[in-house]
Amino acid sequence: MSSHSNNLPTRNSKRRRANGIQQEETTFVAQGTTRDTVEGAEEKISGDERDPQQQSAITTEDANPVDYDAVRDIMNGLERQPDGVPSASAASIIGAPVEYQARGEHRIPDDDDDHSVTIDTPQSVPEATPTADEYADMPALIPIGNDDDDDDDDDDGPPPLEPAADPAPLDLEEIINPGYLPDAFVRRLAGFVDFVDIAGLRFSVTKVPPTSTWGLPTPDDKELTKFLCYEEKPVSIWLVGRVRKLWFYNLGGEPHDKVNIGIRPLREIDCLAADRLLNTRCRPIESTSYNPLYAGKLMLTRTKGDTALTPALFTRVYDALNHYGPKSTMKKISPAVLGEHDIVLVECFLTRWKTGERAKRTKGWSTWRCGFELNSISLLFSAPDTSTDVELDLDLETALM
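Per the working numbering, the sequence shown runs over residues 403 to 803.
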């Protein structure tokens, strides 16, 4: 054996060297590589890194041919960093190139030491900050950070999910079918919800002219200041919706002093338009959401010769199930025919009333609120009768009295 054989690492020194790479060894085992494979590969590759004199002193049992390229490929695949450079621990096993020695990641033994491999703790290398151009080339959803983990476990979690697509915008002009309206009737409603009659001063709630203003008193009608007018005449507003509340008779079957009908418009845009009218036409401006929308009328009257006011029955209810036209062409029906969930056309005026402590003592308008005054009701669709026992809403009764 050559004189250099005294400098060769013994079996024990090889075992110690293998113990020195316990952390890397454990990683390989976790990936499916056995301990013997790691030790054998480590010994053979470390021997391959010896200087030429040491290479000549390799014993017969160490001289068995090993496919070093295949072993390196396995290790490189296990510990390959994103930029294609082996990690510090992999470099220490396969023999680090000269440029890695300056980083202290691996030291090749000198001739005068015991030839045991020293694996230093990998030093963290400051990561260069990407330039603006490099940022521009990066995928938008890949997190920018340091992927130089100490282990090979894929425990970093998944990248963030792509933002969910915005939901389809709500069609505010779509007619909402409660579920029992025939398609043909829904198509018929299109003529009501967008109705405009400038000559007759009739407008659906979304078509009320923005230039309409509160009326001015005239010698013939001093009450005109209470009505929203267009060209100095009251505007008739159309509300199409589903009946939610009816208030025409008391428990004894007698007419109410003040009648009311509450409806829910069939389009979201109609709800918004009604809220806007009620909130922006009052003083001070409000921000109330009304559901349902109420249209009411005071029905107290006094005929000649009577000494007291008495409630009159509201009679301006029309049958428009098959045809809507001039009131003279439609049949009048009793308010008792109406029921919840019916689809009706409510024609009304926007009126105002004074509020505040000086409301009754002042002639001018300083603060007021708005509401819909009922003019007529046309029954467009009669819903199936689902009524059972009479339900009393005491809060509603108190509010409407």
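Where a beta carbon is used, it is the ideal one built from N, C-alpha and C, also for glycine.
Segment limits, beta strand (DSSP E) that includes residue i
| i | result |
| --- | --- |
| I577 | No beta strand (DSSP E) contains I577, which DSSP labels as neither H nor E. |
| S638 | S638 to Y651 |
| D721 | V719 to D721 |
| R604 | R604 to S606 |
Exposure label - residue i; buried when at least 16 CB within 10 Å
| i | result |
| --- | --- |
| H725 | exposed |
| W640 | buried |
| L808 | Nothing can be reported for residue 808, as the shown portion of the chain is limited to 403 through 803. |
| P545 | Only weak support exists for where P545 lies, its pLDDT of 39 falling under 50; the coordinates are left without a value. |
| V617 | Note that residue 617 is Gly in the sequence shown, not Val. With 16 or more other Cβ atoms within 10 Å, it is buried. |
| A676 | buried |
| D672 | buried |
| I745 | buried |
| R589 | exposed |
| T753 | buried |
| G643 | buried |
| A722 | buried |
| L574 | exposed |
| S526 | Any answer about S526 is weak, because its pLDDT of 42 lies below 50 and its placement is not dependable; what the coordinates show is given next. So S526 ends up on the exposed side. |
| Y720 | buried |
| P584 | exposed |
| R683 | buried |
Bounding residues of the alpha helix (DSSP H) (the contiguous stretch that carries residue i)
| i | result |
| --- | --- |
| F594 | D585 to V595 |
| N681 | E670 to T682 |
Bridge partners - residue i, DSSP secondary structure assignment
| i | result |
| --- | --- |
| R771 | W755 |
| T712 | T703 |
| I665 | V645 and L695 |
| L630 | W616 |
| P657 | Y651 |
| I779 | V719 and V748 |
| V598 | F605 |
| R685 | W770 |
| K762 | For K762, which the question treats as bridged, DSSP gives no partner whatsoever. |
| K635 | Y632 |
| K734 | Y720 |
Residue i Cβ short of 7 Å to the ligand ATP heavy atom set
| i | result |
| --- | --- |
| I687 | Ligands displayed in this structure: none; no statement on the ligand ATP is therefore possible. |
Contact between the segment 704-714 and the segment 635-651 (3+ Cβ pairs under 8 Å) = Here the segment 704-714 does not lie against the segment 635-651, with fewer than 3 beta-carbon pairs under 8 Å apart.
key: Cβ contact check for the segment 616-630 and the segment 729-739: 3 or more pairs under 8 Å   = Too few Cβ pairs lie closer than 8 Å, so no.
key: Touching by the beta-carbon criterion (3+ pairs, under 8 Å), the segment 708-720 and the segment 684-695   = With fewer than three CB-CB distances shorter than 8 Å, the segment 708-720 does not count as touching the segment 684-695.
query = Are there three or more Cβ pairs, one per stretch, closer than 8 Å when the segment 577-586 is compared with the segment 607-624?
reply = Taking a cut-off of 8 Å on C-beta distances, the segment 577-586 does not touch the segment 607-624, as fewer than three cross pairs fall below it.
message = Could you check whether the segment 780-787 touches the segment 733-745, counting it as contact only if at least three pairs of C-beta atoms, one from each stretch, sit closer than 8 Å?
response = A contact exists between the segment 780-787 and the segment 733-745.
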